[in-house]
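With this note's numbering as the guide, the letters of the sequence shown map in order to residues 36 to 537.
Don't be surprised by glycine CBs; every beta carbon is placed ideally from N, CA and C.
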Amino acid sequence: MKNRRDFLRGTFGLGAGLAAAPRLFATAAQVSGGGMDMEHMGHASQRSSGIVAVETPDVPQLSWRRSGGAKEFHLVAEPVKQELMPGKIVNLWGYNGSAPGPTIQVNQGDRVRIIVDNHLPEATSMHWHGFEIPVEMDGAPGSSQDPIPPGGRFVYEFTLHQAGTFFYHSHMAMQEMMGMIGAFIMHPEKAYDPPVEKDFAIVLQEFAILPNNPIPNSMNMEFNWLTFNGKAGPATTPLIVRLNDRVRLRFINLGMDHHPIHLHGHTFVVTGTEGGRQPKTTWGPKNTVLVGVAEAADVEFVADNPGDWMVHCHLPHHMMNQMSSVVGPMTRGSKSMPAGLGMEEGMGILRQGHATSEDKGPSLGRGLGVGSTRDQTLGNRPLSEQQARQSMGNMPGMEQVNMTGMQHEGMQGAAPEVAEDANSVPGFPQDAFMEGPAMAMDKMVEKPENYGLRLGWSGFMQGMMTFLRVLPPDLYDKVIALREQQKGKPESMPEMTHPHHG
Ligand SMILES: [Cu+2]
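What follows is the structure in structure tokens.
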């Protein structure tokens, strides 16, 4: 939990969800907002058991209350406005105001009840991915239950005997691609060996969103917004660990692509999958783990190498933001091969001509649906430095950091460094306008967890990318103090008692 606002949203997300719900569904709102189990918010007792709370940076934790012998949670499926990065607010569907939905943490053996209210304009159903529970609780619409109609509610209740990294998601396929997933952590009755000091979960998602359009095209197969916990780099919040901590990272993937997640500077072992803890005999050294669709992967390592280390999907297009053939006037001039064609071309369907013919151009296979039909004659010819400066000048809020580390206001004075003859080199440009000093936005994404990062770092941070910051004790304490200061309250998370160790 990151700050007070997230804390409030996590604890009282129900209320926030109702407030945001369309009037049409307000009648479904018979809820008792109070009674959250506030005295169970500290996690000191859990620490002593060797189990630590799982942090999900940028995603709230879901509170619960004790009711009828069960831990009762409340999820509201609803449209949400998700800010992927500063200024990039898109319409997703999620839970309790967040996509991905809030993180649920329970203990092995718990009886849980999850009230699911549907504030979407269509039916939904909630699936508990990998849970060994009675079929009528499985959330398969049509076969194990009726879909939950708009304005409706379904109460799920089951006892959990498993442990590991699990997740919940809508079992309507296209709704999954609108963001409807959340982490569901089941802590083991007894801490895993060896215990970790830090435990993080990251939900991997991808969206196809046409430039200047706030709604994902869930039918598209080319994704241009790639997120960790609902944020694209550099808006992702770094994972903060102390030098020599043992660390667990849990990755959860629900999208159309498998993501090879790579960690710099360390060697890890895969200790768990979506099926739970894996035996030590399977632990071999790795630095990249392929997190397949519908899979989870837990990796562990000792963070003994100080520094700000990248954690990222290694698919090149997943290390970019807003990948599109119509990157627009920022990088391309007109009077050359046109970019931005129709859906058929976008999906690689050729009825005449060839892939690089004059009327196909670089948009082939990169279309974002009907909306990608050519709406302006942008070509694939690179801009001159002069043109680039002109077209970038109206992008608000971005700052310029040149290679000597000097910072300037606005976009003037730090055009990308390119060679004199750049335009004569086949293939140019690749990254010149897409990442680098011109893209730096350190100030826009400033937060305690970014304290002390190298000036201009944000210009090279896009897509599924964050930092593992392995900090020496003094810097670690400083960052944590800054974070506490921002929260205005001591570190706390919901549901941190561990009845087995009490
Ligand atoms: Cu990827």
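8 Å contact criterion, which Tyr203 and Phe193 should meet: CB distance rounded: The Cβ separation is near 12 Å, so there is no contact.
N- and C-terminal bounds of the beta strand (DSSP E) containing Gln197: DSSP places Gln197 outside any beta strand (DSSP E), giving it a letter other than H or E.
Supposed contact pair Leu274 and Arg101 - C-beta distance, whole angstroms, cut 8 Å: In this structure, Arg101 and Leu274 do not form a Cβ contact; the two beta carbons are roughly 31 Å apart against a cut-off of 8 Å.
Distance between beta carbons of Arg281 and Ala331, contact taken as under 8 Å: About 19 Å separates the two Cβ atoms, so there is no contact after all.
contact_flag[the segment 163-177, the segment 291-302] where n(CB pairs < 8 Å) is 3 or more: Touching, no.
The segment 88-100 in contact with the segment 227-239 per 3-pair CB rule at 8 Å: Yes: at least three Cβ pairs fall under 8 Å.
Local conformation of Gln387 per DSSP, three classes: Here Gln387 sits in coil by DSSP.
Residues that DSSP places opposite His297 in a beta bridge: DSSP, once it has assigned bridges, lists Thr323, His347 as partnering His297.
Where Gly122 falls, given that 16 or more other Cβ within 10 Å makes a residue buried: Result: exposed.
Nearest residue (CA-CA) to Arg148, options Gly104, His353, Asn322: Checked all of Gly104, His353, Asn322; the closest Cα to Arg148 is Gly104.
Simplified DSSP assignment, three categories, for Ile515: Residue state, collapsed to three classes: helix.
Collapsed DSSP secondary structure at Phe463 in the structure displayed: DSSP places Phe463 in coil when its eight states are reduced to three.
Opening and closing residue of the beta strand (DSSP E) in which Met161 lies: Counting along the chain, the unbroken beta strand (DSSP E) around Met161 starts and ends at 161-164.
Val125, buried or exposed, once every other Cβ within 10 Å from all chains shown has been counted against 16: Around the beta carbon of Val125, 16 or more other beta carbons lie within 10 angstroms, which makes this residue buried.
Inter-residue spacing [alpha-carbon to alpha-carbon] between Val111 and Met120: So the two alpha carbons sit approximately 24 Å from each other.
Heavy atoms of ligand 1 versus C-beta positions, residues under 5 Å: Those residues are His294, Cys348, Leu350, His353, given in chain order.
CB of Gly491 within 7 Å of CB of Pro472, strictly: With a cutoff of 7 Å on beta-carbon distance, Gly491 and Pro472 are scored as near each other.
Sheet register partners of Ala332 (DSSP bridge): Answer is Phe286, Thr308, bridged to Ala332.
Entirely enclosed beta strand (DSSP E) segments - the segment 186-254, minimum 3 residues: Complete beta strand (DSSP E) runs here, min 3: 188-194, 199-205, 216-222, 233-242.
Delimiting residues of the beta strand (DSSP E) encompassing Pro123: The residue you asked about is not Pro; residue 123 is Lys in the sequence shown. 123-130 is the extent of the beta strand (DSSP E) around Lys123.
Outcome for Thr316 when other beta-carbon atoms lying within 10 angstroms are tallied against a minimum of 16: Around the CB of Thr316, fewer than 16 other CB atoms lie within 10 Å, so the residue is classed as exposed.
Cβ-Cβ distance between Gly467 and Val453 below 7 Å: One detail in the question is off: residue 467 reads as Ala in this sequence, not Gly. Between Ala467 and Val453, the gap from beta carbon to beta carbon is short of 7 Å.
Distance cut-off 6 Å: Thr138 Cβ against heavy atoms of ligand 3: With respect to ligand 3, the structure offers nothing, as its ligand set consists of ligand 1.
Beta-carbon spacing of Met354, Gly462 below 7 Å: In this structure, Gly462 does not lie closer than 7 Å to Met354 by Cβ.
Assigned secondary structure, Val66 (DSSP; H/G/I helix, E/B strand, else coil): Note that Val66 has pLDDT 31, beneath the 50 cutoff, so the model's placement of it is unreliable and the number below is only indicative. Three-state DSSP puts Val66 in coil, outside helix and strand.
Pro184 to Met172 span [Cα, whole Å]: Spanning the alpha carbons of Pro184 and Met172 requires a straight line of approximately 17 Å.
Sequence-distant residues of its chain with Cβ nearer than 8 Å to Val231 (five each side left out): Excluding positions up to five away in sequence, the list reads Val87, Asp280, Arg281, Val282, Arg283, Glu335.
Given Gly290 as reference, the closest of Glu211, Ala270, His347 once Cα atoms are compared: Nearest of Glu211, Ala270, His347 to Gly290, Cα basis: Glu211.
Assigned exposure category for Arg277 - 16 Cβ within 10 Å defines buried: Within a 10 Å sphere around the beta-carbon of Arg277 sit 16 or more other beta-carbons, which makes this residue buried.
Nearest-angstrom Cα separation, counted from Met256 out to Ile244: The straight-line gap from Cα to Cα measures roughly 11 Å.
Nearest-angstrom Cα separation, counted from Val460 out to Ala134: Using only the alpha carbons, I get a separation of about 42 Å.
C-alpha gap between Val514 and Met496, whole angstroms: Taking the straight line joining both Cα atoms gives about 20 Å.
Own chain, CB closer than 8 Å to Lys106, minus 5 neighbours either side, in chain order: Only Trp99, Arg100, Val141, Asp145, Arg146, Val147, Arg148, Glu530 meet the Cβ criterion.
Burial state of Gly487, where buried means 16 or more other Cβ atoms lie within 10 Å: The Cβ neighbour count for Gly487, taken over all protein chains shown within 10 Å, is under 16; the residue is labelled exposed.
Own chain, CB closer than 8 Å to Val304, minus 5 neighbours either side, in chain order: Its chain contains Trp318, Gly319, Pro320, Lys321, Val334, Glu335, Phe336 as the residues whose beta carbon lies nearer than 8 Å to that of Val304, once the 5 sequence neighbours on both sides are disregarded; these appear in chain order.
As assigned by DSSP and simplified to three states, the class of His154: The answer is coil: DSSP assigns His154 none of H, G, I, E or B.
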